[in-house]
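Worksheet: one structure, shown below.
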Amino acid sequence: MTKPIFVFSDQLLSYKFSNHHPFNPLRFQMAYELLKETGILSDDQIVKPRKATDEEILLVHNKDYLNAIKKAGLGQLPESLRSSFGLDTDDTPIFKDMHEASSWLVGATLTATEQVFEGKTKKALSLGGGLHHGFRGRASGFCIYNDSSIAIEYMKQKYNARVLYIDTDAHHGDGVQWAFYDDPDVCTFSIHETGRYLFPGTGNVSEKGAGKGYGYSFNLPVDAFTEDDSWIPILEEAIDEIVKFFKPDIIISQNGVDAHYWDPLTHLSLTMKSYRKIPELVNRAADRYTEGRWIAVGGGGYDIWRVVPRAWSMIWAEMNGIELQGTLPEAWLTKWQEKAPVDLPSSWDDGADLYPSIPRKQEICDKNHVMLQRTLQHIRNEKKSV
Amino acid sequence: MKVEAMMKTEVISIRKNVSIEEAKKLMESHRIRHLPIVDEQKNLVGIVSDRDLVLDRIPNQKSPSDIEVQSVMVKEVITCHPYDFVEELLSIFYEERIGCIPVVKDNEIVGMITERDMLYTLIQLTGAHQPSSQFEVKVENVSGRLADVTAVIRNHNVNINSVLVYPGETDVTKVLVLRVQTMNPIPIINHLKSEGYNVLWPDTSGEFV
Ligand SMILES: [Zn+2]
Numbered sequence: 054m055t056k057p058i059f060v061f062s063d064q065l066l067s068y069k070f071s072n073h074h075p076f077n078p079l080r081f082q083m084a085y086e087l088l089k090e091t092g093i094l095s096d097d098q099i100v101k102p103r104k105a106t107d108e109e110i111l112l113v114h115n116k117d118y119l120n121a122i123k124k125a126g127l128g129q130l131p132e133s134l135r136s137s138f139g140l141d142t143d144d145t146p147i148f149k150d151m152h153e154a155s156s157w158l159v160g161a162t163l164t165a166t167e168q169v170f171e172g173k174t175k176k177a178l179s180l181g182g183g184l185h186h187g188f189r190g191r192a193s194g195f196c197i198y199n200d201s202s203i204a205i206e207y208m209k210q211k212y213n214a215r216v217l218y219i220d221t222d223a224h225h226g227d228g229v230q231w232a233f234y235d236d237p238d239v240c241t242f243s244i245h246e247t248g249r250y251l252f253p254g255t256g257n258v259s260e261k262g263a264g265k266g267y268g269y270s271f272n273l274p275v276d277a278f279t280e281d282d283s284w285i286p287i288l289e290e291a292i293d294e295i296v297k298f299f300k301p302d303i304i305i306s307q308n309g310v311d312a313h314y315w316d317p318l319t320h321l322s323l324t325m326k327s328y329r330k331i332p333e334l335v336n337r338a339a340d341r342y343t344e345g346r347w348i349a350v351g352g353g354g355y356d357i358w359r360v361v362p363r364a365w366s367m368i369w370a371e372m373n374g375i376e377l378q379g380t381l382p383e384a385w386l387t388k389w390q391e392k393a394p395v396d397l398p399s400s401w402d403d404g405a406d407l408y409p410s411i412p413r414k415q416e417i418c419d420k421n422h423v424m425l426q427r428t429l430q431h432i433r434n435e436k437k438s439v
Numbered sequence: 282m283k284v285e286a287m288m289k290t291e292v293i294s295i296r297k298n299v300s301i302e303e304a305k306k307l308m309e310s311h312r313i314r315h316l317p318i319v320d321e322q323k324n325l326v327g328i329v330s331d332r333d334l335v336l337d338r339i340p341n342q343k344s345p346s347d348i349e350v351q352s353v354m355v356k357e358v359i360t361c362h363p364y365d366f367v368e369e370l371l372s373i374f375y376e377e378r379i380g381c382i383p384v385v386k387d388n389e390i391v392g393m394i395t396e397r398d399m400l401y402t403l404i405q406l407t408g409a410h411q412p413s414s415q416f417e418v419k420v421e422n423v424s425g426r427l428a429d430v431t432a433v434i435r436n437h438n439v440n441i442n443s444v445l446v447y448p449g450e451t452d453v454t455k456v457l458v459l460r461v462q463t464m465n466p467i468p469i470i471n472h473l474k475s476e477g478y479n480v481l482w483p484d485t486s487g488e489f490v
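These protein sequence lines map, in sequence, to chains A and B.
Counted from 1, the first sequence has number 407 at position 354 by my numbering; the numbering is strictly sequential.
Counted from 1, the second sequence has number 306 at position 25 by my numbering; the numbering is strictly sequential.
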């Protein structure tokens with residue numbers, strides 16, 4: 054039995070727009086230290102990432118964009134060109150050496166990919182990745198290079214793999230979906246808060262793929278204020294049926310944790326109960342259908358103090374077959390409570406009184422269930438007709 | 282926007298003596314639901330939709346390969362011009378309950394516009410095809426309110442993808458629907474609220490305020 058691997062190095066903490074930007078790499082360090090303090094991350098499981106090459110970035114992005122990011126990071130991109138690449142906005146401002154920082158994140162997810170395909174491990178975690186809004190020629194939604202799209206294209210070309218991408222971030226995984234929209238060898242599935250109000254606005258249930266790729270994009274938009282009790286059963290049904298239908302060689306899961314009730318940018322009402330369950334469902338699907346092969350990446354998560362470290366630790370625990378119960382390590386709490394502007398929760402699970410009850414609960418639940426039926430309709434119909 | 286900018290210019294058309302069977306095959310292979318019928322000079326003489334070709338609407342026992350489309354085609358066709366405004370077409374689609382309008386210039390058919398094309402144009406008008414967040418601001422129905430709201434957004438260096446103005450429940454109010462190109466509209470929303478605006482955006486209490 055091989056042991057799961059964890060991709061980490063300090064270079065991955067250099068992807069930072071500014072001190073007040075919501076996307077803060079400190080959360081990755083906090084998660085890393087939490088795992089260390091808990092004693093479930095041993096040094097022999099940590100693999101240092103390599104940096105992605107230009108050639109690898111060009112698997113998905115175009116050359117003009119790559120050059121623009123390089124120049125921007127050196128302070129040499131003229132102002133008039135910035136907006137056409139999505140740069141110089143509040144979401145994706147220019148920062149020093151942004152090309153290098155972004156290449157490290159891509160390299161981390163590629164390192165995870167190589168570890169799995171070269172047989173060194175079955176399961177790999179690259180929490181620096183998961184930048185699912187990155188487009189071919191445009192930065193968007195805090196994302197520069199799309200590490201998951203690049204890794205998927207890399208797996209396809211180098212290892213001839215059929216890839217299932219599962220995205221449980223609160224936002225639609227638009228960058229990855231559009232990159233493979235007409236590709237029948239890559240299946241994308243995104244569950245997210247409806248785009249009625251929330252960024253990026255896409256991820257409608259009717260987006261099912263195009264051309265030869267029709268039927269290989271799945272979207273499950275859920276209502277604002279969706280809770281664990283609705284999210285978990287529909288996600289379970291969706292993953293089970295999609296993995297059975299697609300029969301992938303590997304699963305890559307994006308683990309944005311911004312659907313938590315405490316997340317400031319979204320309107321969903323999940324708790325740690327869901328963040329325990331999501332990796333469990335993905336791991337089970339991998340064990341049944343891909344001989345255990347599973348790459349997990351990070352993603353969104355903007356309550357960096359109370360949510361991200363605990364939720365991301367759950368992925369690593371699941372990969373290693375460990376159950377985290379009770380309270381968080383005292384040393385970790387002491388260190389980070391000093392820096393945190395909010396009271397840190399002291400246990401792995403959230404209390405039942407995290408938030409007041411949601412008045413439209415039943416209605417939301419029913420609507421989500423109807424949506425699930427529409428998401429899976431075309432594969433359910435196919436099954437009947439066989 | 283002009284019709285010219287959104288019409289399909291590759292028009293599949295037929296002659297009036299083509300059989301219904303052939304017309305049907307053509308529709309299926311091109312995945313279209315309407316076929317304009319033209320004469321030698323490419324002048325439009327009629328149109329058939331897939332519904333016109335349904336067998337039980339066709340007289341007596343003839344087989345579909347023996348009936349020519351001219352016996353079932355609609356002869357008085359509603360058409361438009363490439364320089365017409367898309368907004369005008371919308372009301373024609375709505376009032377006439379039709380699915381397709383041929384675009385005619387100098388008597389010659391130069392394009393087609395379907396209901397589906399119109400819907401796509403509407404999607405573009407709402408800005409929902411580009412990554413963006415949406416919120417709504419309920420304002421008094423007096424002049425200058427839209428400028429006030431967009432001035433606040435300008436302060437945040439955020440691009441506006443679209444603005445729609447809906448009539449309110451009464452004449453006293455209007456609702457501005459804005460799609461902004463940012464994943465984090467919360468600073469803008471807080472700013473608008475601090476200036477006394479009524480912003481509609483999902484609230485953590487589980488209701489929309
Ligand atoms: Zn997100």
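Glycine included, each C-beta is placed from N, C-alpha and C at the ideal position.
Check	Outcome
Go ahead and pull the three-state DSSP assignment for residue 489 of chain B.	Low local confidence applies: a pLDDT of 49 at residue 489 of chain B is under 50, so the model's placement there is unreliable, with the coordinate-based value given in what follows. Looking at residue 489 of chain B - three-state DSSP - the assignment turns out to be strand.
In the DSSP assignment, what are the bridge partners of residue 240 of chain A?	A:217
Going by the C-beta, is residue 273 of chain A closer than 8 Å to any heavy atom of ligand 1?	no
Comparing the CB of residue 392 of chain B with every heavy atom of ligand 1, is any distance shorter than 8 Å?	no
Compute the minimum distance between the beta carbon of residue 474 of chain A and the heavy atoms of ligand 1, and state whether it is under 8 Å.	Missing from the structure shown is residue 474 of chain A; chain A here goes from 54 to 439 and no further.
At 4 residues or longer, and completely inside the segment 314-364 of chain A: list those alpha helix (DSSP H) runs for me, N to C.	325-342
At least one CB of chain A closer than 9 Å to the CB of residue 435 of chain B: is that the case?	no
Leaving out five residues on either side along the sequence, give the residues of the same chain with a beta carbon under 8 Å from the beta carbon of residue 71 of chain A.	146, 148
Would you check if the segment 307-314 of chain A and the segment 447-458 of chain B touch, i.e. whether three or more CB-CB distances between them fall below 8 Å?	no
Express the C-alpha separation of residue 404 of chain B and residue 371 of chain B in angstroms, rounding to a whole number.	13 Å
Beta-carbon within less than 8 Å of residue 402 of chain B's beta-carbon, same chain only, minus the 5 sequence neighbours each way: which residues are those?	282, 287, 367
For residue 60 of chain A, count neighbouring C-beta atoms within 10 Å of its own C-beta (all shown protein chains included) and say buried if the count is 16 or more, exposed if not.	buried
Could you check whether the Cβ of residue 463 of chain B sits closer than 8 Å to any heavy atom belonging to ligand 1?	no
Are the beta-carbon atoms of residue 10 of chain A and residue 203 of chain A separated by less than 9 Å?	As shown, chain A starts at 54 and ends at 439. That puts residue 10 of chain A outside it, with no answer to give.
Is residue 223 of chain A near ligand 1, judged by its Cβ being under 8 Å from some heavy atom?	yes
Straight-line CA distance for residue 290 of chain B to residue 232 of chain A?	28 Å
Residues of chain B with a CB under 7 Å from the CB of residue 193 of chain A: which are they?	412
Per DSSP, which residues does residue 68 of chain A bridge with? Please list them.	DSSP output for residue 68 of chain A lists no bridge partner at all.
Do we get a CB-CB distance below 9 Å when we pair residue 490 of chain B with the residues of chain A?	Confidence at residue 490 of chain B is low in this model, with a pLDDT of 41, below 50, so the placement of that residue should be treated as unreliable; the coordinate-derived value is given next. It does not: the Cβ of residue 490 of chain B has no partner Cβ on chain A nearer than 9 Å.
Is it right to say residue 387 of chain A is buried, meaning 16 or more other beta carbons lie within 10 angstroms of its own, or is it exposed?	exposed
Since residue 369 of chain A contacts residue 93 of chain A with CB under 8 Å, what's their CB separation in whole angstroms?	7 Å
Name the residue from A:111, A:219, A:275, A:267 whose alpha carbon lies nearest to the alpha carbon of residue 197 of chain A.	A:111
Using 8 Å as the cut-off, classify the Cβ of residue 5 of chain A as near or not near the heavy atoms of ligand 1, replying yes or no.	As shown, chain A starts at 54 and ends at 439. That puts residue 5 of chain A outside it, with no answer to give.
Could you spell out where the beta strand (DSSP E) holding residue 271 of chain A opens and where it closes?	270-275
Check distances from the C-beta atoms of the segment 82-114 of chain A to those of chain B and list, in chain order, the residues that come in under 8 Å.	none
Give the interface partners of residue 467 of chain B over in chain A, defined as CB-CB distance under 8 Å, in chain order.	317, 318
In chain A, which residues lie less than 8 Å from residue 439 of chain B when you measure between Cβ atoms?	142, 143
Helix or strand or just coil, what does DSSP make of residue 288 of chain A?	helix
For the putative contact between residue 68 of chain A and residue 158 of chain A, defined by C-beta atoms under 8 Å, what is the C-beta separation to the nearest angstrom?	6 Å
With distances taken Cα to Cα, identify the nearest neighbour of residue 411 of chain B among B:365, B:419, B:459, B:470.	B:459
Taking 8 Å as the line, does the beta carbon of residue 150 of chain A fall inside it for any heavy atom of ligand 1?	no
With a threshold of 9 Å between beta carbons, is residue 293 of chain B in contact with chain A?	no
Please specify which runs of the beta strand (DSSP E), each continuous and at least 3 residues long, are wholly inside the segment 106-182 of chain A, giving them in chain order.	176-179
What do you reckon, are the CB atoms on residue 464 of chain B and residue 144 of chain A nearer than 9 Å?	yes
Whose Cβ in chain A lies nearer than 8 Å to the Cβ of residue 399 of chain B?	Residues of chain A passing the Cβ test: none, with the nearest at roughly 17 Å.
Would residue 272 of chain A be called buried (16 or more neighbouring beta carbons within 10 Å of its own) or exposed?	buried
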